[in-house]
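Take the position in the sequence shown, starting the count at 1, then add 1; the result is the number in the working numbering.
The beta carbon of each residue, even a glycine, is placed where N, CA and C say it ideally should be.
The structure displayed is predicted, hence computed values, not measured ones.
All remarks here apply to the structure that follows.
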Amino acid sequence: MGLFRKKDGNKDTRTQDKGASLVTVVEPKNVISEQFRTLRTNIEFAGASLETLQVVMFTSAEISDGKTTVSTNTAVTWAQAGKNVLYVDADMRRSTAQSTFKVSNGHGLSTILSSAEQPKDVVQTTFVKNLEVLTAGPTPPNPAELLNSKRMASLIEWMRNNYDIVVLDVPPIMAVSDAQVLLPLIDGAVLVTMMGKTMKASIKRTVETLRLGETKILGVVERIKNDKDDIGYGYGYGYDGYVGTKDK
2 MGLFRKKDGN KDTRTQDKGA SLVTVVEPKN VISEQFRTLR TNIEFAGASL ETLQVVMFTS
62 AEISDGKTTV STNTAVTWAQ AGKNVLYVDA DMRRSTAQST FKVSNGHGLS TILSSAEQPK
122 DVVQTTFVKN LEVLTAGPTP PNPAELLNSK RMASLIEWMR NNYDIVVLDV PPIMAVSDAQ
182 VLLPLIDGAV LVTMMGKTMK ASIKRTVETL RLGETKILGV VERIKNDKDD IGYGYGYGYD
242 GYVGTKDK
């Protein structure tokens, strides 16, 4: 994919500035695209024991671990498989969906939760067949409070009634409480880490938080990356799946 990273302190702002790189759209036969399709299948296998696998949260232990790249590309693979998919940018602090899918962010999740706007009027179509997107919307002063509201619970129910798969891209578990307040509303979570970056202590705390919330951990994606390119993605189950993460 070959894009260089722009760094703000320890943050990788490339995805926020330019959007996630949709290799599954641009190069569907690329080996990385195949890895995302394998990831989709593994998530479905991991959720086979659940009563329903419809609302899937993608999160990370730390900022810039690659959760947005993983969640958007996995959403694309579900759409390519014929599922009716909604991708929700629930990271209202560092929104990216408008850049990834080249859509407006004037109205989005934040405006639905803070006003009388109806989701059917805010959700936008994308250039990917079967995939619609709900952007984060303008940054509110109280993201966690909005996500913890009765209106958010009603919105998730609306999503369940209108889509086969809902992909929630949320902030890192340990950074803010936004993701934690959503745990009762989801069917399962996928944790994204980056080899050589994500600290084991952060991963351990994240897993403990998910388990305290009685959340089904559908698996772990370990992103392997150098300064220029995505090299590949590994997949594992439970804490024992976090092999190769650098201990700092």
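Once DSSP output is grouped into helix, strand and coil, what is the label at A190? strand
Is the distance from the Cβ of L40 to the Cβ of D90 below 8 Å? no
How close, in whole Å, do the beta carbons of G220 and L51 come, if the pair is a contact with beta carbons under 8 Å? Going by Cβ atoms, the distance from G220 to L51 rounds to 13 Å, so no, they are not a contact pair.
Rounded to a whole number of angstroms, what is the C-alpha to C-alpha distance between K198 and S65? 9 Å
With F102 and D170 assumed to form a contact (beta carbons below 8 Å), what rounded beta-carbon distance in angstroms separates them? Not quite, the Cβ-Cβ distance comes to about 12 Å (not below 8 Å), so this is no contact.
Going by DSSP in three states, S105 sits in which element: helix, strand or coil? coil
Going residue by residue through the segment 116 to 176, where are the continuous alpha helix (DSSP H) segments of at least 4 residues, counting only ones entirely within it? 120 to 123, 144 to 148, 151 to 163
Can G109 and A137 be called in contact, C-beta distance under 8 Å? yes
Expressed to the nearest angstrom, what Euclidean distance is found between the alpha-carbon atoms of V86 and S116? 24 Å
Would you be able to state if there are at least three C-beta pairs under 8 Å between the segment 142 to 154 and the segment 62 to 80? no
Roughly how many angstroms lie between the CA atoms of N31 and V24, to the nearest whole one? 8 Å
Report the rounded CA-to-CA distance for I33 versus D122, giving the unit in angstroms. 34 Å
Between E28 and the rest of its own chain, which residues show a CB-CB distance below 8 Å, the 5 nearest in sequence each way excluded? S34
Work out the CA separation of N163 and N43 for me, nearest whole Å. 24 Å
Compute the distance between the beta-carbons of A80 and N149, then report whether it is under 8 Å. no
Going by Cα to Cα distance, which pick from P173, A62, E45, T73 is closest to R94? P173
For S61: DSSP bridge partner residues: V193
Close Cβ partners of Y88 (< 6 Å) along its chain, the five nearest in sequence each way excluded: A76, V134, V168
Please go through the same chain and pick out, in chain order, the residues whose beta-carbon is closer than 7 Å to the beta-carbon of I157, but skip the five residues on each side of it. V56, L186
Rounding to the nearest angstrom, what Cα-Cα distance links Y240 and T210 in this structure? For Y240, the predicted structure reports a pLDDT of 36, less than 50, and the residue's modelled location is therefore unreliable. The matter cannot be settled from this model.
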